[in-house]
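S.K.:
Numbering (the UniProt record's numbering), first residue to last: 1 to 324.
#1: Curious, which full-length alpha helix (DSSP H) runs of at least 4 residues does the region 53-128 contain?
#2: Ignore the nearest five residues each way along the sequence and tell me which others in residue 272's own chain have a CB closer than 8 angstroms to its CB.
#3: Starting from residue 240, follow the alpha helix (DSSP H) in both directions and report where the run begins and ends.
#4: Where does residue 33 sit, in a helix, a strand or coil, going by DSSP?
#5: Output needed for residue 198: all residues of its chain with C-beta closer than 6 angstroms, excluding positions within five of it in sequence on either side, in chain order.
#6: Please list the terminal residues of the continuous alpha helix (DSSP H) segment that includes residue 326.
#7: Report the three-state DSSP secondary structure of residue 173 (helix, strand or coil).
#8: How is residue 209 classed by DSSP in three states: helix, strand or coil?
#9: Can you tell me which of the three DSSP states residue 258 falls into?
#10: State the Cα-Cα distance for the pair residue 230 and residue 282, rounded to the nearest angstrom.
#11: Use the C-beta contact count for residue 301: other C-beta atoms within 10 angstroms, 16 or more gives buried, fewer gives exposed.
#12: Could you spell out the range, first to last residue, of the alpha helix (DSSP H) harbouring residue 14?
#13: Using a Cβ-Cβ cut-off of 6 angstroms (strictly less than) and excluding sequence neighbours within five positions of residue 311, which residues of its own chain qualify?
#14: Does the contact criterion of 3 or more C-beta pairs under 8 angstroms hold for the region 18-28 versus the region 255-269?
#15: Are the region 9-22 and the region 50-61 touching, with three or more C-beta to C-beta distances below 8 angstroms?
#16: So residue 41 is in the alpha helix (DSSP H); what residue range does that whole segment cover?
#17: Out of 192, 238 and 98, which one is the CA nearest neighbour of residue 297?
#18: Between the region 172-191 and the region 210-219, can you find at least three pairs of beta-carbon atoms closer than 8 angstroms?
#19: In terms of residues, what are the limits of the alpha helix (DSSP H) holding residue 192?
#20: Taking DSSP as the reference, what is the three-state secondary structure of residue 235?
#21: In the DSSP assignment, find the unbroken alpha helix (DSSP H) run with residue 144 in it and report its ends.
#22: Alpha carbon to alpha carbon, how far is residue 40 from residue 12? Give it in angstroms, no decimals.
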């Protein structure tokens, strides 16, 4: 497994909101007060992930309460994802029940009186906070993206029970959904104060860029997380799948994944050129520019944060932890 930081070349500038530290304190308090994480040791472990820096890198123009919202969402994403690393992730019926509970929250404006977990309760809170000031079209689009994200966990649970994920195209399609990037891009509009009209959002070049951006982010995640997920016996990781299918060493699988990122960055730039053709209003160009910049911020921000967080230890660090 990797012993050094993977070399992923992304031609986009670094960004970091100056309010990262304030959001760090806010989210730690919020997690504790909402009952999501209450044990001091668990809070310290969470703090070591520095997820507020992921929010600050992905949304460098967000400030104050807007960055707090993004930081809270990053906490929710990762705590939710970690639920499935244990026995729950292999219990298809339990996953179905949790997924259906959360889907019902997308379909009802009323908060649930008796959510099964604090994490489910705060999902509803975060949805409400995110919808403030956004149009009905954005809310409908956001709900659809959330639905695909949550349902992806059902498919992953079924694949775990069967033992083998699908081919590369199927794998990436599922990871685009389970990675949550579409919802994260929606959040970027909310916390950075703009909204991309639906016809521009659904245009061919923008749809291509969104798909490519999501793949860059999930491949980056899989490169950095391969050692950890191998130790946990996880199967939904592109590097580990490549090692299994091609019977190659980790270094070769990682190099292959890095090359996939380079291919997608090139395709992203070509799609951006197509998106920038034609005649549009000044407001439309502004929104297009901001959404494209948001995707670039996510690709670069994910890579930069992955290299600095404690979430993705190397194989050497994992061995040291296990022998301690």
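Ideal placement from N, C-alpha and C gives every residue a C-beta, glycine not left out.
M.R.: To lay it out plainly:
#1: With a minimum length of 4 residues, the continuous alpha helix (DSSP H) runs that stay inside the region 53-128 are 64-82 and 92-107.
#2: For residue 272, where only same-chain residues beyond five positions count, the Cβ hits under 8 angstroms are 205, 209 and 292.
#3: From DSSP, the alpha helix (DSSP H) with residue 240 extends over 238-246.
#4: Correct three-state label for residue 33: helix.
#5: Annotation for residue 198: 137 place their beta carbon closer than 6 angstroms to its own, counting only its chain and skipping 5 residues before and after.
#6: Lying before the first or after the last residue shown, residue 326 is absent from the chain, which here runs from 1 to 324.
#7: Reduced to three states, the DSSP call for residue 173 is helix.
#8: The three-state secondary structure of residue 209, taken from DSSP, is helix.
#9: Of the three classes helix, strand and coil, the one that applies to residue 258 here is helix, per DSSP.
#10: If you draw a straight line from the Cα of residue 230 to the Cα of residue 282, it comes to about 49 angstroms.
#11: If you draw a 10 Å sphere on the C-beta of residue 301, you find 16 or more other C-beta atoms in it, and that means buried.
#12: It is not in any alpha helix (DSSP H) - residue 14 carries neither H nor E in the DSSP assignment.
#13: Closer than 6 angstroms at the Cβ level, and outside the excluded window around residue 311, lie 49.
#14: Judged by pairs of C-beta atoms under 8 angstroms, the region 18-28 does not touch the region 255-269, as fewer than three such pairs exist.
#15: With a cut-off of 8 angstroms, the region 50-61 and the region 9-22 count as touching, because enough Cβ pairs lie within range.
#16: It spans 40-49 - the alpha helix (DSSP H) in which residue 41 sits, taken as one unbroken run.
#17: Looking at the Cα atoms, 192 is the closest of the given residues.
#18: By the criterion of at least three beta-carbon pairs nearer than 8 angstroms, the region 210-219 is in contact with the region 172-191.
#19: Run containing residue 192: 181-192, per the alpha helix (DSSP H) assignment.
#20: It is coil, neither helix nor strand.
#21: Element bounds for residue 144: 136-162.
#22: Just so you know, the alpha carbons of residue 12 and residue 40 end up roughly 37 angstroms apart.
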